[in-house]
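Since the structure comes first, as structure tokens, the remarks are kept for the end.
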Amino acid sequence: MAKRVSGALLALMIMLTLSPALLSQARVKQQAKPSVPPPIPRTADGKPSLTGGWIRKNNRDVPSKMFTAEALPMQPSAAEKCKAIGCGTGERGGPPEQMVDPVIARCAPPGFPRILQNAEPMEIFQIRGRMFMRFEHIAGMREIWTDGRGHPKDVDPTWYGHSIGKWDGDTFVIDTVGLNDYTWLDRAGHPHSDALHVVERIRRLDYNVLRFDLTFEDPKAYTKPFSGQVEFEFRPHIEIREVIECEDRMLAERPEDAFPFYVK
Amino acid sequence: MSRKSLAIFFAIVGLFGISGTLFAHHSDAAFFSRDDWKTISGTVKEFRWMNPHPLLIIDVKQDGRVEEWRIEFHAPSKMARQYGWAKSTFAPGDQVTIYGHPWTKGGAEGHNVLAPVKLTHSNGKVDDIDAPNNY
Chain A
1 MAKRVSGALL
11 ALMIMLTLSP
21 ALLSQARVKQ
31 QAKPSVPPPI
41 PRTADGKPSL
51 TGGWIRKNNR
61 DVPSKMFTAE
71 ALPMQPSAAE
81 KCKAIGCGTG
91 ERGGPPEQMV
101 DPVIARCAPP
111 GFPRILQNAE
121 PMEIFQIRGR
131 MFMRFEHIAG
141 MREIWTDGRG
151 HPKDVDPTWY
161 GHSIGKWDGD
171 TFVIDTVGLN
181 DYTWLDRAGH
191 PHSDALHVVE
201 RIRRLDYNVL
211 RFDLTFEDPK
221 AYTKPFSGQV
231 EFEFRPHIEI
241 REVIECEDRM
251 LAERPEDAFP
261 FYVK
Chain B
1 MSRKSLAIFF
11 AIVGLFGISG
21 TLFAHHSDAA
31 FFSRDDWKTI
41 SGTVKEFRWM
51 NPHPLLIIDV
61 KQDGRVEEWR
71 IEFHAPSKMA
81 RQYGWAKSTF
91 APGDQVTIYG
101 HPWTKGGAEG
111 HNVLAPVKLT
121 HSNGKVDDID
131 APNNY
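Quick mapping for you: the protein sequence lines, in order, are chains A and B. For the first sequence, the numbering used here assigns the number 1 to the initial residue and increments by one for each residue that follows. For the second sequence, the numbering used here assigns the number 1 to the initial residue and increments by one for each residue that follows.
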């Protein structure tokens, strides 16, 4: 009996001695949770890891359908194309008439660089020699060569172009050429030519934010190079699904009636 | 009529001509006003779980007659990820109540269309849906 009592006493004493430590630990955990983001993850070579899910971040300084708040230095021919559709003059920053948009009217892929402005998420994969950006919108995919190769001499224009990437310190730099001129530069509707050359300087500002600083060069459509930016928020657990344009038209009797209310 | 007033007259006529073509189709931000609100309750007729926007068609009884309403949502990927929706979320006969902006500014062309911000399912579950972005 006496043994049992002393055993219980000992247990009580141990609990009392430890409890302040346990309590303070719990408090530290509670305080630490909201404010301190985890460190930037790094790959085996010490470079920041860009792998994972990302979703476009609102930027108060840049209109949502543009890469920059500044007017673009268009050549007269580009300005004419822009004027013809009223690029950037709609209430929400696009052209006032949505049916001039090749994505909505003709089910075209948004192409690069416009796809960077999508509201739908994307996911980055890094493997040996290549990086992939997989976009939810139209299941789009960019392939960026990181094996040291250059651009092909005579590159055929495509919707996402030919991209090569390399590290400059902690900044990943992508150089893209070989873009067709079927796409818009941005969601505002600015045109570009097949001479468009885009350089993206991508930095992981912290665990949560990925920033793209872009330089556009297109001597056929613009009088001088100009810059822009876009930012993404990290969503490590996001599930990328599918957003496909014009599926509704397959369910409509008269495809031209499908937008915007889907007539039977 | 002076030359100047003639010029003004033609400028005005020209403006009308342009706006006519702009609004003939579906103009950006011109489907509904964020100040207009409406609640509708009805029976699900059809649910098209499709890209780029799912469509719910419901019959709403009003003053002894039945009105068809069409409700357009964000992309299926977003509705699935954020609200857990799937193709089986609605079945014909389900009773639903939806609160949102009616399309009153063109684009609907003879249809009753609602941009939803809140939907009550037949089992009582309520989804507060992100504000419509005018398509």
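From the three backbone atoms N, C-alpha and C, an ideal C-beta is built for every residue, glycine too.
- Asp-36 of chain B and Asp-147 of chain A have their alpha carbons spaced roughly 56 Å apart.
- The three-state secondary structure of Asp-59 of chain B, taken from DSSP, is strand.
- Contacts with chain B at 9 Å (Cβ-Cβ) do not include Val-230 of chain A.
- The contact set of Ala-75 of chain B on chain A, defined by CB atoms closer than 8 Å, consists of Glu-120, Val-243 in chain order.
- Exclusion of the five residues before and after Thr-171 of chain A leaves Arg-201, Ile-202, Arg-203 as the residues of its chain whose Cβ lies within less than 8 Å of its Cβ.
- What Leu-251 of chain A touches in chain B, judged by beta-carbon distance under 7 Å, is Arg-48, Met-50, going in chain order.
- Within 9 Å of the CB of Asp-248 of chain A, the CB atoms of chain B belong to Arg-48, Met-50, Asn-51, Pro-52, His-53, Leu-55, in sequence order along the chain.
- Annotated as proximal: Glu-245 of chain A and Ile-104 of chain A, with beta-carbon spacing under 9 Å.
- Across the segment 118-149 of chain A, CB contacts with chain B closer than 9 Å involve Ala-119, Glu-120, Pro-121, Glu-136, His-137, in sequence order along the chain.
- Lys-118 of chain B: member of the beta strand (DSSP E) spanning 112-120, first to last residue.
- At a C-beta separation below 7 Å, Glu-239 of chain A has these neighbours in chain B: Arg-81.
- Taking each of A:Gly-53, A:Ala-44, A:Asp-248 in turn and checking the Cα distance to Glu-233 of chain A, the smallest one comes out for A:Gly-53.
- In summary, Leu-119 of chain B is buried, with 16 or more beta-carbon neighbours lying within 10 Å of its beta-carbon over all protein chains present.
- For Arg-42 of chain A, the secondary structure class from DSSP, reduced to helix, strand or coil, is strand.
- Under DSSP, Asp-175 of chain A shares a beta bridge with A:Ile-164, A:Val-199.
- Taken through DSSP and simplified to helix, strand or coil, Met-50 of chain B comes out as coil.
- At a Cβ-Cβ threshold of 9 Å, Pro-92 of chain B and Trp-85 of chain B do not count as neighbours.
- Secondary structure note for Arg-65 of chain B: its beta strand (DSSP E) is the uninterrupted segment 65-72.
- When the beta-carbon positions are compared, Asp-186 of chain A and Met-99 of chain A stay at least 9 Å from each other.
- Nearest CB-CB separation between Lys-78 of chain B and chain A: below the 9 Å threshold.
- DSSP places Pro-76 of chain B inside the alpha helix (DSSP H), whose first and last residues are 76-83.
- Sequence-distant Cβ neighbours of Pro-95 of chain A in its own chain, meaning closer than 6 Å and more than five residues away, are Ile-85, Gly-86, Cys-87, Gly-189.
- The beta carbon of Asn-180 of chain A sits closer than 8 Å to the beta carbons of Gly-111, Pro-157, Thr-158, Trp-159, Asp-194 from its chain, once the five residues preceding and following it are set aside; these are given in chain order.
- Looking at the backbone, the Cα of Leu-72 of chain A and that of Arg-92 of chain A are separated by about 18 Å.
- Under the criterion of beta carbons closer than 8 Å, Ile-58 of chain B and Thr-43 of chain B qualify as touching, at roughly 6 Å.
- Separation of the CB atoms of Ser-33 of chain B and His-101 of chain B is rounded to 7 Å, and the pair is thereby assigned contact status at 8 Å.
- Inter-residue distance for Glu-242 of chain A and Arg-81 of chain B is about 11 Å (C-alpha atoms, whole angstroms).
- Pairing Pro-152 of chain A with Gly-165 of chain A, the inter-Cα distance amounts to about 14 Å.
- Between Ala-78 of chain A and Ala-221 of chain A, the C-beta spacing is below 9 Å.
- Distances from the alpha-carbon of Ile-138 of chain A to those of A:Gly-129, A:Leu-116, A:Asp-154 put A:Leu-116 closest.
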